[in-house]
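Reviewing the structure listed below.
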Amino acid sequence: MTTKIHAICDALSNPVEIDITSGKNADTNRAEPMLENMDPDAFLVDRAHDADRLIDRSTERGITPVIPPKRNRTMQRATASLQSLSFLTDDTP
């Protein structure tokens, strides 16, 4: 059995909220509920969070999602701001 630690940190990397789930739980399943009681301008996450539902709901709330697109995405998406910040979440060696 594996475990995932999901954390939301502020701009200074201080943890604001932490959740522990089963390793089989998808990252996108926890991101939205964890953001529910927060009002950030943006959130920066890795490509495991690249889901249209999460991106759309965040944008509707006025939150700018900064998420590198998955390589196997059917419809690739990218923005200038995403490309300039993607090195922060790049999980390639």
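First residue of the sequence shown? That's 1 in full-length UniProt numbering, and the numbers climb one at a time after it.
Just so you know, even glycine gets a beta-carbon here, dropped at the ideal spot from N, CA and C.
Item, Value
"So what's residue 19 in DSSP terms, helix, strand or just coil?", "strand"
"Residue 12 by DSSP, collapsed to three states: which one?", "coil"
"Can you tell me the Cα-Cα spacing of residue 41 and residue 10, whole angstroms?", "11 Å"
"Taking residue 26 as the reference, which of 58, 2 and 16 has the closest Cα?", "2"
"Comparing alpha-carbon positions, which option in 7, 34, 69 and 37 lies nearest residue 52?", "69"
"Given residue 55, which residues of its chain have a CB within under 6 Å of its CB, disregarding the five upstream and five downstream residues?", "65"
"How long is the line joining the alpha carbons of residue 72 and residue 19, rounded to whole angstroms?", "28 Å"
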